[in-house]
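*Asks:*
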Amino acid sequence: MRDSNADLFDPRTIMDSDCATAGLGPGPVSDSDFAFAFNDSNFSDRVLRIEIIPDLPETKSDGDGCTSIADWARNRKRRREDIKKDSAVDVLVHCEEQILTCSMPDTEDGEGYVNQDEEAVAMIEESPSGDEAAPASDGLWSMDCSAVLRVKTIHISSPILAAKSPFFYKLFSNGMRESEQRQVTLRIHASEEAALMDLLNFMYSNTLSATTSPALLDVLMAADKFEVASCMRYCSRLLRSMPMSCESALLYLDLPSSVLMADAVQPLTDAAKQFLAARYKDITKFQDEVLNLPLAGVEAVLSSDDLQVPSEDAVYDFVLKWARTHYPKLEDRREVLGLRLGRLIRFPYMTCRKLRKVLTCNDFDPELTSKVVLEALFFKAEPPYRQRSLAADEASTRYHRFVERAYKYRPVKVVEFELPRQQCVVYLDLKREECSLLFPTGRVYSQAFHLGGQGFFLSAHCNMDQQSSFHCFGLFLGMQEKGSVTFAVDYEFAARSKPTEEYVSKYKGNYTFTGGKAVGYRNLFSIPWTAFMADDSLYFIDGVVHLRAELTIRQ
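Each number in my numbering corresponds to the 1-based position in the sequence shown with 29 added.
Given below as structure tokens:
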């Protein structure tokens, strides 16, 4: 026998059953289709009296007259500001009648529903009324100055409504005398009327008349307020099936975030995040647009593993620029960087040169910068297999600190020496998949590294050998600075090879660089491309080719 004290509407309990009743899960819809009973006195045990009061000045229905998501968003923002003047749910009761005045909860400011464990409290008295609007001077309105525009009376089945909604379940079973009365009154604003009627119909029929995005969003908001999880899922599914735009994606991410809604609409918000991440995948092409995105939009873009950026240094610079633009006050900026955006910067993949600057950046809390830089340096010191393990452990988490993005310039490890001569050793690893994409004429560049104050880079090529008889793998060293700068460098290229898996020198040389020039070897391994990429290749160790370049400034 089921425990009579169990909460029938614990969110963890109702989600699966609601999915089935809404046609979104495995259960057949016909098992709970009670459309025939909607507003039919023969199948009803109560009367729902809906008192419709005027909207606050200069407000209208979010969906009323809206032809686009933008219209809906503007109307909702205006209504949200005005609704703060009203309480989320006020219960007005009398021995013969129960009245609820309902306004949209302002969950965006951190306020949720009124404590549902508290019983309804009698606030004013009222005489029984019919379906006519009460005069504004009536005693009922002494505490609520809104005059009733019209009244709708609907025959309802309390078991049906209670089965779909914790709101109605608690309303009909709160143990007080009014829960036993036949007539229940809801008071809503005119802007909520269409959505509430559609919601009530859905609770019987599992269908909606709303077909446009603005109308569905109105119903979604009503379903959130009255805790009809199955309808929220249904709206979410319909909205996901409609074409998405940046405008709509940002709006979905800005919806109220009550616990129930966060669960029920998660697929919609996930789809919105994926849309924005794909839309702004190449962030350098849309930098101005992304700079104007709100916080939720920027988080969706920066969370992506597929973000195409030159390096993680560029992500760090962008985050600082965005934060300084949107949060001019240092205190606010530190808070948003520490709690939100800082978590999306993958510090372990930043260059050591940039990490030094992080330590002195005033925009971050000093404790945070010390922590993330130390963590990044420890990660860089880990062997490759350990780095891959750390990245794999984060695959199912929200923040991917140790997961490498699709950088345009490949990360390198650099060891620098000042004595006896200025020297640096650079390590570049390329996966087999990356190498295969180079054929037949591709090239991939490393992130910049520095020696003697000058910037250098490595580039791996698929090119023809000097006799142009076959394709082969080449490695080159270039200097970033352009102009009249000259720089004399001794260099050596090496690669790990089987069976010892030690680095073996492949090419030595010296070169006096002038700005923008590069030097290297067209066929580093002295074999054709096919032999280099073969399954038994000597140079791929666990699917990775390990390259090393040593640079020394010539005296």
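Beta carbons: idealized from backbone N, C-alpha and C, even for Gly.
Nothing here was measured: the structure is a model prediction, and the numbers come from that model.
For residue 424, count the other beta carbons within 10 Å of its own beta carbon; 16 or more makes it buried, fewer makes it exposed. Which is it?
*Replies:* Residue 424 should be labelled exposed.
*Asks:* Using a threshold of 8 Å, state whether the C-beta atoms of residue 483 and residue 508 are closer than that.
*Replies:* Yes, the Cβ-Cβ distance between residue 483 and residue 508 is below 8 Å.
*Asks:* Alpha carbon to alpha carbon, how far is residue 500 from residue 538?
*Replies:* So the alpha carbons of these two residues sit roughly 23 Å apart.
*Asks:* Indicate the three-state DSSP secondary structure (helix, strand or coil) for residue 218 in the structure shown.
*Replies:* Three-state DSSP puts residue 218 in a strand.
*Asks:* If contacts are defined as beta-carbon pairs under 8 Å, then residue 301 and residue 281 qualify, I think. What distance do you get, rounded to the angstrom?
*Replies:* Rounded, the Cβ-Cβ distance is 4 Å, consistent with contact.
*Asks:* Compute the distance between the beta-carbons of residue 404 and residue 378, then report whether it is under 8 Å.
*Replies:* Result no, Cβ atoms of residue 404 and residue 378 do not sit closer than 8 Å.
*Asks:* Go through the stretch 238 to 292 residue by residue and report every complete run of the alpha helix (DSSP H) that reaches 4 residues or more, in order.
*Replies:* You should have 242 to 254, 258 to 270, 275 to 282.
*Asks:* Would you mind reading off the limits of the beta strand (DSSP E) that contains residue 484?
*Replies:* From DSSP, the beta strand (DSSP E) with residue 484 extends over 483 to 493.
*Asks:* Can you grab the Cα-Cα spacing for the pair residue 473 / residue 504, in whole Å?
*Replies:* Using only the alpha carbons, I get a separation of about 10 Å.
*Asks:* Please work out which residues of its chain come closer than 6 Å, Cβ to Cβ, to residue 187, disregarding the five sequence neighbours upstream and downstream, and give them in chain order.
*Replies:* Excluding residues within five positions, the ones whose Cβ falls inside 6 Å are 74, 75, 201.
*Asks:* Can you give me the start and stop residues for the alpha helix (DSSP H) that residue 429 sits inside?
*Replies:* Looking at the DSSP string, residue 429 is not in any alpha helix (DSSP H), and its letter there is neither H nor E.
*Asks:* Sort 349, 189, 443, 222 by Cα distance to residue 178 and report the nearest one.
*Replies:* Nearest option by C-alpha distance: 222.
*Asks:* Using CA atoms only, rank isn't needed, just tell me which of 529, 257, 323 is closest to residue 233.
*Replies:* For the residues 529, 257, 323, the minimum Cα distance to residue 233 belongs to 257.
*Asks:* With 16 as the cutoff for other CB atoms within 10 Å, does residue 446 come out buried or exposed?
*Replies:* Per the 10 Å Cβ criterion, exposed.
*Asks:* Judging by CA-CA distance, which residue of 489, 305, 190, 397 is the nearest neighbour of residue 437?
*Replies:* If we check each option's Cα against that of residue 437, 489 comes out closest.
*Asks:* With H, G and I counted as helix, E and B as strand and the rest as coil, what does DSSP make of residue 234?
*Replies:* If DSSP states are grouped into helix, strand and coil, residue 234 belongs with the helices.
*Asks:* Name the DSSP beta bridge partners of residue 460, please?
*Replies:* Answer is 573.
*Asks:* What's the gap between the Cα of residue 522 and the Cα of residue 469?
*Replies:* If I take the Cα positions, the gap works out to 22 Å.
*Asks:* Roughly how many angstroms lie between the CA atoms of residue 3 and residue 351, to the nearest whole one?
*Replies:* The chain is shown from 30 up to 584; residue 3 falls before or after that span and cannot be answered.
*Asks:* According to the Cβ coordinates, are residue 570 and residue 525 closer than 8 Å?
*Replies:* Against a cut-off of 8 Å, the Cβ pair of residue 525 and residue 570 comes out as a contact.
*Asks:* Is residue 314 buried or exposed, if buried means 16 or more other CB atoms sit within 10 Å of its CB?
*Replies:* Exposed, since its Cβ has fewer than 16 Cβ neighbours within 10 Å.
*Asks:* Find the nearest neighbour of residue 429 within the set 564, 310, 370, judged by alpha-carbon distance.
*Replies:* Among 564, 310, 370, the Cα nearest to that of residue 429 belongs to 370.
*Asks:* Look up residue 508 in the DSSP assignment and give the residues it is bridged to.
*Replies:* 485, per the DSSP bridge assignment.
*Asks:* Hey, could you find the ends of the alpha helix (DSSP H) residue 187 is sitting in?
*Replies:* First-last of the alpha helix (DSSP H) with residue 187: 187 to 193.
*Asks:* The beta strand (DSSP E) with residue 538 in it runs from where to where?
*Replies:* Note, residue 538: beta strand (DSSP E), 531 to 543.
*Asks:* Output needed for residue 402: all residues of its chain with C-beta closer than 6 Å, excluding positions within five of it in sequence on either side, in chain order.
*Replies:* Excluding sequence neighbours, residue 402 sits near 384, 387, 388.
*Asks:* Is the beta carbon of residue 194 closer than 8 Å to that of residue 255?
*Replies:* Against a cut-off of 8 Å, the Cβ pair of residue 194 and residue 255 comes out as a contact.
*Asks:* Around the C-beta of residue 360, are 16 or more other C-beta atoms found within 10 angstroms, so that it is buried, or is it exposed?
*Replies:* Label assigned to residue 360: exposed.
*Asks:* Hey, how far is the Cα of residue 563 from the Cα of residue 551?
*Replies:* So the two alpha carbons sit approximately 19 Å from each other.
*Asks:* Taking the Cβ atom as the reference point for each residue, do residue 541 and residue 514 lie within a distance shorter than 8 Å?
*Replies:* Not closer than 8 Å, so no.
*Asks:* How many Å lie between residue 279 and residue 494 at the Cα?
*Replies:* When rounded, the distance between both Cα atoms is 51 Å.
*Asks:* Any idea what DSSP makes of residue 399, helix, strand or coil?
*Replies:* In the structure shown, residue 399 sits in a helix (DSSP, three-state: H, G or I).
*Asks:* If I'm right that residue 506 touches residue 421 with Cβ under 8 Å, what's the distance once you round it to whole angstroms?
*Replies:* Actually they do not touch by this definition, with Cβ atoms about 33 Å apart.
*Asks:* Quick check: residue 333 and residue 294, are their CB atoms within less than 8 Å of each other?
*Replies:* For residue 333 and residue 294, no; Cβs fall outside 8 Å.
*Asks:* Start and end of the beta strand (DSSP E) containing residue 515?
*Replies:* It spans 515 to 526 - the beta strand (DSSP E) in which residue 515 sits, taken as one unbroken run.
*Asks:* Using only the alpha-carbon positions, how far apart do residue 452 and residue 583 sit?
*Replies:* Whole-angstrom Cα-Cα distance: 10 Å.
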